[in-house]
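Under numbering that gives the first Met the number 0, the first residue of the sequence shown is numbered 0, with each subsequent residue one higher. Beta carbons: idealized from backbone N, C-alpha and C, even for Gly. All remarks here apply to the structure that follows.
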Amino acid sequence: MNTPIPLQQLPQKNIFRPGDVFVLFGELFGRGYANGLVNSARQAGMKIVGITVGRREANNALRPLNEEELATAEQNLGGKIINIPLMAGFDLDAPAGTPNPTEMLGSLTLKSWNEDKLDWDHIAKCQEVGVQRFKDSLAEVMKVLGGMIEPGHNVFFAHTMAGGIPKAKVFLAIANRVYKGRGDRFMSSQTLLDSDLGKLILKNFDEVSANTFEHLIEASAAIRSGMESSGGQVRYTAYGYHGTSILIGDEYVWQTYTNYTQGLAKMRLERIAQAAWSKNIKATVYNCPEIRTNSSDIFAGVELPLIPLLNALKQENGGDWAESQWQACRSLLTDEVTLEDILRKVLDFQTHSTMLPFRDFAAWPMPNSQPQADLTIGTSDEIQKAHKDSKVLITDLLSALVIEATGPLMFHETSDPAGPVLWLNHDIIARQLNTIHI
Ligand SMILES: NC(=O)c1ccc[n+]([C@@H]2O[C@H](COP(=O)([O-])OP(=O)(O)OC[C@H]3O[C@@H](n4cnc5c(N)ncnc54)[C@H](O)[C@@H]3O)[C@@H](O)[C@H]2O)c1
């Protein structure tokens, strides 16, 4: 990708009807992006099917959901869950009787991790075991799924998987500093990426956040040809991240959260969609705005670009409804601070000389720097403190709005997608919201 390709028109088409099947490829969490698509699929009357990543026993063995967990998950999704564990990544996989990567990291210490070397031949074997486990389980999932779809119907596969941070003590401490550290606690993300530890983590991100999309497309080949030969169509979507255009002053400008080490996996995800597209498979990665979810909470400051969505709502003629969102946000702030103060603070942050070099699309994803981390995390912290309740934030309200907008945008565009990689910027998000609410 040399330049972002934005979705510019509100998509109108819908090929999905009652009896068609929507498959969520990842678990559904309360604040997760996938809620938008699931709601649109439900509104279209589609049959909803989910999967599980499974759960780990105390000895790390992977198991399906128990009866109670399954009932809760199915109720939450509003559909049937195929209860075969699809945990991706190889951080806890190894040939029998040998240490897995998380155990290998057990010997690293906070003093020496950036010098410590890993046994890459052994890691390659662990990766092979993990990938094979995932593919074998996925083949089972596809067999079950095949029996749930009537010929001639359309199928919508929505990939939502992202993650891969190994649960090694040493890394959790480092992650806290790389993503949340400032001042004395700052840690350079480049130092992490240059280390063997960092290289291992990038491989695991690739497996979870990117390669699973490729496995999904491959493993559903029989379903795809079966549906296509009986008059149905099959679509694939995935959630990407590659920065977002937001209103900075009067103009929509591309910017990004830094540092997003997972960005390399997200670019791989884009390439997987492009490769599928070149084989006439309709797979689209939608690069979505920064919001606050279970997964993004680790990245301090990721929510800052979300706040100017308030300006976009007005700019795109949101009228009284936009004003009511401003009021709802105002009511969350302490009496000492105005919403205008907060918007000014975010604008100052976005236009600060420290941040400008990070608006370099070609260099994305850039490592952090001490001044950038101090400014990003400091601004995020100050804005959080300006709220009456640090657990009820403007960015919670705005995250829910973005999820609401991405549902119909992705759902309808996917009926006749323009390409394999599309950006959902604040302008189209605001226009979709204004269309829903006015
Ligand atoms: N939150 C953001 O700001 C943002 C922005 C752009 C794109 N996205 C993308 O949206 C998608 C959904 O994320 P979200 O932010 O809504 O958070 P979320 O926590 O709701 O979703 C994360 C998903 O990843 C799955 N997952 C996690 N670890 C896994 C593993 N080891 N194996 C298999 N699946 C695993 C979970 O089951 C869940 O479906 C992700 O691809 C994410 O990268 C998020």
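Query                                                                                                                                  : Result
Endpoints, the beta strand (DSSP E) within which residue 79 is located                                                                 : 79-84
Extent of the continuous alpha helix (DSSP H) to which residue 396 belongs                                                             : 393-414
Among 231, 223, 179 and 166, the one whose alpha carbon lies nearest that of residue 196                                               : 166
Residue 166 (DSSP reduced to helix, strand or coil)                                                                                    : coil
For residue 379 and residue 299, believed in contact at Cβ under 8 Å, the rounded distance                                             : 5 Å
Contacting residues, own chain, Cβ-Cβ under 7 Å from residue 24 (five flanking each side not counted)                                  : 50, 156, 157, 158, 159, 160 and 215
Contact under 8 Å by Cβ, residue 241 with residue 363                                                                                  : yes
Beta-carbon gap between residue 401 and residue 290 smaller than 8 Å                                                                   : yes
Contacts around residue 117, its chain only, beta-carbon distance under 7 Å, and the 5 residues preceding and following it disregarded : 103, 195 and 199
Residue 397 to residue 308 span [Cα, whole Å]                                                                                          : 8 Å
Ligand 1 heavy atom lying under 7 Å from the CB of residue 289                                                                         : yes
Cβ contact check for the segment 327-344 and the segment 228-242: 3 or more pairs under 8 Å                                            : no
Contact test: residue 28 Cβ vs ligand 1 heavy atom, cutoff 7 Å                                                                         : yes
Nearest-angstrom Cα separation, counted from residue 14 out to residue 411                                                             : 8 Å
Inter-residue spacing [alpha-carbon to alpha-carbon] between residue 190 and residue 114                                               : 10 Å
Any non-hydrogen atom of ligand 1 within 7 Å of residue 208 CB                                                                         : yes
C-alpha gap between residue 43 and residue 296, whole angstroms                                                                        : 31 Å
Any non-hydrogen atom of ligand 3 closer than 7 Å to residue 409 Cβ                                                                    : Ligand 3 is absent from the structure shown, which contains only ligand 1.
Buried versus exposed call for residue 339 [16 or more other C-beta atoms within 10 Å across all chains shown]                         : exposed
Alpha carbon of residue 78 to alpha carbon of residue 70, nearest angstrom                                                             : 10 Å
Simplified DSSP assignment, three categories, for residue 244                                                                          : strand
Unbroken stretches of the beta strand (DSSP E), 3 residues or longer, contained in the segment 105-183                                 : 154-158
CB contact check: residue 419 to chain B, cutoff 8 Å                                                                                   : Within the model displayed, chain B is absent; a lone protein chain is all it includes.
Residue 357 to residue 256 span [Cα, whole Å]                                                                                          : 9 Å
Sequence-distant residues of the same chain with beta carbon closer than 8 Å to residue 332, five excluded per side                    : 338, 341, 385, 386, 387 and 393
Extent of the continuous beta strand (DSSP E) to which residue 254 belongs                                                             : 250-254
Residue 85: CB within 7 Å of a non-hydrogen atom of ligand 1                                                                           : yes
Contacts around residue 349, its chain only, beta-carbon distance under 6 Å, and the 5 residues preceding and following it disregarded : 247
Of the residues 41, 427, 19 and 62, the one placed nearest residue 244, counting alpha carbons only                                    : 427
For residue 419 and residue 238, the rounded distance between their alpha carbons                                                      : 12 Å
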